[in-house]
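Protein chains in written order, with the numbering used here: chain A, 1 to 139; chain B, 1001 to 1139. Note that CB positions come from ideal geometry on N, CA and C, so glycine has one too. First the structure, in the form of structure tokens, and then the observations on it.
Protein chains: 2
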Amino acid sequence: MDDVKIYQHLADCGIKPSVQRIAIMRYLMEHRTHPSADEIYSELVNKIPTLSKTTVYNTLKLLAEQNAALMLTIDERNAHFDGDTTPHAHFLCKQCGTVYDIPAHEVLTCAKPCVPGEFHTDSVDLYFRGRCPKCNCEN
Amino acid sequence: MDDVKIYQHLADCGIKPSVQRIAIMRYLMEHRTHPSADEIYSELVNKIPTLSKTTVYNTLKLLAEQNAALMLTIDERNAHFDGDTTPHAHFLCKQCGTVYDIPAHEVLTCAKPCVPGEFHTDSVDLYFRGRCPKCNCEN
DNA sequence: AACAAGGTTGTAATCATTACAAATATGGAC
DNA sequence: GTCCATATTTGTAATGATTACAACCTTGTT
Chain A
1 MDDVKIYQHL ADCGIKPSVQ RIAIMRYLME HRTHPSADEI YSELVNKIPT LSKTTVYNTL
61 KLLAEQNAAL MLTIDERNAH FDGDTTPHAH FLCKQCGTVY DIPAHEVLTC AKPCVPGEFH
121 TDSVDLYFRG RCPKCNCEN
Chain B
1001 MDDVKIYQHL ADCGIKPSVQ RIAIMRYLME HRTHPSADEI YSELVNKIPT LSKTTVYNTL
1061 KLLAEQNAAL MLTIDERNAH FDGDTTPHAH FLCKQCGTVY DIPAHEVLTC AKPCVPGEFH
1121 TDSVDLYFRG RCPKCNCEN
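Here you go:
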């Protein structure tokens, strides 16, 4: 993926770039697998041997705060992260742990007005849990 | 709240009653505050001095598995529990941490069909995050 | 080059949750 | 009621994700 695109995305979200931030943002944009902080660290430490896990956590928190990425709490075990900030839902397979994207534009756009007006909503998350097609067939 | 009602609810969900299970289920039914495991423990240990935190965790997991209660992962810090299993959404105030109920029957009933058929959906959670009316006014 | 501000690193906590094994309670057979 | 098998509870000790913190490194500026 083009570096410029990543720079631009970070800039758009008011985030100053750094080698680590770009690497992490790039990873999220190129991998649509909803990785955990640990997975991101394990992958990137190969390319940036000095990378620290604290940096990964700090950066992911920053990205989420600035809406450059989503932090998903669908999995009680650990947070997952998503580089796609456009409205969509998620499905967690309780068997294999995979988090799937679920297109649900219409649901989310109709969901916002359901919150009484005095609540100031920053984010709407729609989470589905169950068994994915793969695990449904296996057993 | 009538003991019979709680017994019945547990029985309906295939859960054998015990002093601890009834106390925890009762607490969830009488307190609509979406308590954490720790809050439940702290309250109930006054009435059941021998209560163990492990029992609270075990019981809450059992209740959630049997659909006698909901485990909410809206808060990244810890799980919250809800004795109301009828379809509704939740709102987490990022400032004060309160979890509010949001009536959203229509959203949820329309949400299920959005998941492609091969996914077997056990639960649908709709989570809103932001500032509640109280915190909105204060600052 | 010197400096200040911000970013990164590694280690050591924190804290929610779980594993586990011993102790206790429950319900049925006799 | 007693005995036994089974399920439940308890307390302590792990686990494991996340954060606190202080030292170190980078970067841009004068």
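task: Less than 8 Å between the CB atoms is what I'm expecting for residue 56 (chain A) and residue 40 (chain A), so what's the real figure, rounded?
output: 6 Å
query: Cα separation between residue 1132 (chain B) and residue 1076 (chain B)?
result: 18 Å
field: Length of the line joining the Cα atoms of residue 17 (chain A) and residue 11 (chain A)
entry: 8 Å
query: For residue 1080 (chain B), which three-state DSSP category applies?
result: The answer is strand: DSSP assigns residue 1080 (chain B) an E or B state.
query: What does residue 1073 (chain B) touch in chain A if you count any residue whose Cβ is under 8 Å from its own?
result: 73, 74, 75, 76 and 127
field: Buried/exposed call for residue 52 (chain A), threshold 16 Cβ in 10 Å
entry: exposed
task: Go through its chain and collect everything with a Cβ distance to residue 1069 (chain B)'s Cβ below 8 Å, but skip five positions before and after it.
output: Same-chain partners within the cutoff: 1025, 1028, 1060, 1063, 1081, 1082, 1083 and 1085.
- prompt: So, helix, strand or coil for residue 21 (chain A), using DSSP?
  reply: helix
query: Quick one, which of B:1094, B:1014 and B:1031 has its alpha-carbon nearest residue 1001 (chain B)'s?
result: Proximity to residue 1001 (chain B) across B:1094, B:1014 and B:1031 peaks at B:1031, based on C-alpha coordinates.
task: Assign residue 73 (chain A) to buried or exposed, taking buried as 16 or more other Cβ atoms, counted over all protein chains shown, within 10 Å of its Cβ.
output: buried
- prompt: For the putative contact between residue 1125 (chain B) and residue 127 (chain A), defined by C-beta atoms under 8 Å, what is the C-beta separation to the nearest angstrom?
  reply: Correct: roughly 4 Å between the Cβ atoms.
Helix, strand or coil at residue 71 (chain A) [DSSP, three-state]: strand
query: DSSP three-state call for residue 129 (chain A): helix, strand or coil?
result: If DSSP states are grouped into helix, strand and coil, residue 129 (chain A) belongs with the strands.
- prompt: So, helix, strand or coil for residue 52 (chain A), using DSSP?
  reply: coil
message: Less than 8 Å between the C-beta atoms of residue 100 (chain A) and residue 90 (chain A), yes or no?
response: yes
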